[in-house]
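Top line first, the protein sequences correspond to chains A and B.
With the working numbering, letter number 79 in the first sequence gets 79, and the count goes up by one each step, no holes.
With the second sequence counted from 1, adding 268 to any position gets you the working numbering.
Take a look at the structure below.
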Amino acid sequence: MSLSVDRASEGATDRSGAALPRLRGARGRAGRDGALTIRRPSVALQDVSKVYPNGRHALVDVDLIIPEGDFVFLVGPSGAGKSTLIKLLVRDELPTTGLVFVAGHDLSRLKRGKVPHLRREIGIVFQDFRLLASRTVRENVAFALEVIGAPRRQIGPAVERALAIVGLTEQAGQRPSQLSGGEQQRTGIARAIVHQPRILIADEPTGNLDPLTSWEIIQLLLRINEMGTTVLMATHNAEVVTALRKRVVALEDGRVVRDEVGGYHREY
Amino acid sequence: MVHFLAFSLRRAAEGLWRHPVTSIAAVLTMVLMLLMVAGLLIVLSGLQAGLRFVEEKVEVQATLNEGVSRELVGALEADLRALPQVASVTYVSKEQAREDFRAFLRSQGKEDLSEYTGTNPYPANLSIRLRDPDAFGQVAETLRRPRGVVREIYERQQLAESISTIADVIRTVGFVVVAVVGLIVLLIVINTIRMAVMARAQEIEIMRLVGASDAFIRWPFIFEGLLVGLLGALITLALLALGSQPIGQLTFLIASRVPVGFNQQLAQQVVAIVLASGLGLGGLGAYISVRTYLTR
């Protein structure tokens with residue numbers, strides 16, 4: 001079993017995981033004397049395994065802690081377990097064994113009725129954008145708030161703010177079919193951040209985009225991260241990962257095989 | 269709550285508009301079934317009223333010839349009362365018979381034309397209630413024994429029985445037909461809502477992932493089913509309202525002596541049952557569909 005611990009979290013957890021509940025409540029930054037104090041983890045996985053009913057081991061003994069405010073790349077070949085990991089984080093699936101904590105929730109114990117509340121603390125960006133073709137950019141972004149019952153007077157300002165962050169204020173009245181791929185993905189990102197989530201999960205957000213547009217999207221995700229949102233980005237884009245020198249978690253056959261800052265990224 | 273209702277209703281209406289052909293098919297089948305339900309209700313209530321009308325009357329009625337002395341009639345009454353199967357015997361004089369018939373005509377809003385003839389054509393009669401309907405033969409025999417007293421003998425029991433049999437047959441056949449059509453409507457609603465769910469698979473996926481609660485995901489579809497039911501019920505009631513007068517005239521022609529009509533109480537029952545069946549089937553179909561296709 002490998003334990004993946006961020007620099008900032010070092011010393012705060014032990015292999016037994018007994019510190020996890022304490023971690024949830026703890027919050028801090030590096031002190032003036034340079035002593036490392038911990039930041040509250042946005043995501044914590046302990047000994048997580050996932051075996052699907054067909055017997056496939058999608059994840060094996062995964063330990064992973066992502067402190068609040070981090071930017072983490074999740075890399076690995078197809079079938080390495082990236083999608084399963086993301087499904088566990090949004091509680092689309094439950095682990096076969098192990099513990100998953102997201103935004104302070106123990107997902108194994110989370111009641112079904114509380115799952116929507118967990119998901120409201122997470123924003124998700126998809127490779128294929130998943131925009132509603134019959135709605136305008138503004139309506140697509142507002143949809144995320146409408147369906148959680150947000151009052152109308154809050155929806156308007158929140159949508160304008162999200163559109164301003166992604167730079168789509170001008171295109172707000174257009175439909176997805178009238179937009180470029182990059183603009184469509186920026187709409188997807190606006191929808192993912194409109195409810196101000198604590199964590200943003202981007203699943204191959206540049207997979208369908210050309211290199212230049214991909215860079216724009218990455219820049220945007222970095223900006224959102226600088227504004228305080230934890231970002232977890234699954235990607236195949238070696239160039240981006242290598243250039244950015246952020247933390248890289250590599251999965252292979254369901255196991256975390258590397259967890260390094262500015263990690264070398266093998267071509268998958 | 270207001271947001272929830274507004275959101276659900278808006279999406280339900282959108283869903284209906286987006287697939288007009290399936291929606292119209294669902295609504296029209298619903299109308300067909302509800303018309304059958306309403307028709308069954310009207311026919312059965314008519315037969316029920318006829319049955320009550322007949323049963324309330326005496327079981328055997330014997331009209332008497334003109335000019336028969338009261339003594340003879342009195343003796344006949346005594347003979348009848350002596351029979352163990354007879355519950356009661358009532359003598360109705362000519363005047364009373366006319367009065368009774370006039371009262372009946374007034375209740376139907378008609379005038380007794382015999383008033384203009386200056387004579388009383390209504391015969392005096394004996395009304396005999398039986399303990400045992402099978403005793404009719406013996407009673408008839410007793411009635412015919414004194415010569416020249418009784419003009420005609422009417423038995424109501426047979427009529428009541430035949431109406432009751434007809435009502436039973438119509439009720440059974442009607443319920444079977446309505447149940448079969450109801451099942452078809454249910455399946456059509458399930459299919460309509462299923463198509464709506466499938467057409468919105470991507471939306472539902474997005475809704476789930478951005479944290480929409482189950483209620484926000486499911487209720488718009490249930491509202492859509494309820495809307496199909498409501499539209500079906502309203503169209504059915506509109507058709508019935510248009511058709512109520514001709515139907516009323518028809519039933520009056522068929523049973524002009526029986527007080528059957530599209531009265532207010534029946535109309536209220538029909539409105540309530542049509543609305544309840546429409547909304548019930550629409551909601552149930554949608555609920556089943558949503559339960560089947562949206563469980564995670």
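Here a beta-carbon is modelled for each residue, glycine too, at the ideal position from N, C-alpha and C.
Exercise for review: For residue 315 of chain B, I'd like the list of residues in its chain whose CB is within less than 8 Å of its CB, leaving aside the five on either flank, ordered along the chain.
Suggested key: 431, 434, 435, 438
Practice item. Sort A/179, A/69, A/259, A/196 by Cα distance to residue 135 of chain A and report the nearest one. Key: A/179
**Study point:** According to DSSP, residues forming a beta bridge with residue 48 of chain A
**Key:** A/62
Check your understanding: Given residue 275 of chain B, which residues of its chain have a CB within under 8 Å of its CB, disregarding the five upstream and five downstream residues?
Key -> 484, 488
Check your understanding: Hey, does residue 104 of chain A have any beta-carbon neighbour from chain B nearer than 9 Å?
Key -> no
Practice item. List the residues that DSSP assigns as beta-bridge partners of residue 329 of chain B. Key: B/395, B/422
Exercise for review: With distances taken Cα to Cα, identify the nearest neighbour of residue 206 of chain A among A/229, A/236, A/192, A/222.
Suggested key: A/236
**Study point:** Neighbour flag for residue 212 of chain B against chain A, beta carbons, 9 Å
**Key:** In the structure displayed, chain B extends from 269 to 564; residue 212 of chain B sits before or after that span and is not available.
Review point. At least one CB of chain A closer than 9 Å to the CB of residue 291 of chain B: is that the case?
Key: no
Exercise for review: Select from B/554, B/559, B/504, B/561 the residue whose C-alpha is nearest the C-alpha of residue 280 of chain B.
Suggested key: B/554
Review point. Taking Cβ positions, are residue 124 of chain A and residue 200 of chain A nearer each other than 9 Å?
Key: yes
**Study point:** Cutoff 9 Å: residue 482 of chain B Cβ touching any chain A Cβ
**Key:** yes
Review point. Interface residues of chain B around residue 156 of chain A at Cβ under 9 Å?
Key: None at all; the shortest Cβ gap to chain B is about 14 Å.
Practice item. Run the CB neighbour count on residue 273 of chain B, radius 10 Å, all protein chains shown included, and call it buried at 16 or more, exposed below. Key: exposed
Exercise for review: Return helix, strand or coil for residue 203 of chain A, following the three-state DSSP convention.
Suggested key: strand
Review point. Over what stretch of residues does the beta strand (DSSP E) that includes residue 259 of chain A continue unbroken?
Key: 255-261
**Study point:** chain A within 9 Å of residue 283 of chain B, Cβ atoms only
**Key:** no
**Study point:** Where residue 24 of chain A sits in the DSSP three-state scheme
**Key:** Reliability fails at residue 24 of chain A, whose pLDDT of 34 lies under 50, so the model's placement of it is uncertain and the value that follows must be treated cautiously. It is helical.
**Study point:** CB of residue 120 of chain A within 9 Å of CB of residue 195 of chain A, strictly
**Key:** yes
Check your understanding: Which residue spans inside the region 82-146 of chain A form an unbroken alpha helix (DSSP H) run of at least 4?
Key -> 82-89, 115-119, 137-146
Practice item. Please specify which runs of the beta strand (DSSP E), each continuous and at least 3 residues long, are wholly inside the region 326-377 of chain B, giving them in chain order. Key: 328-332, 354-360
Check your understanding: Considering only C-alpha positions, which residue in the set B/381, B/466, B/347 is nearest to residue 283 of chain B?
Key -> B/466
Review point. From A/42, A/151, A/176, A/138, pick the residue whose C-alpha is nearest to that of residue 164 of chain A; which is it?
Key: A/138
Exercise for review: Go to residue 408 of chain B, then tell me how far its alpha helix (DSSP H) extends in each direction, as first and last residue.
Suggested key: 404-412
Review point. Ends of the beta strand (DSSP E) at residue 230 of chain A?
Key: 230-234
Check your understanding: Straight-line CA distance for residue 561 of chain B to residue 461 of chain B?
Key -> 10 Å
**Study point:** Collapsed DSSP secondary structure at residue 480 of chain B in the structure displayed
**Key:** coil
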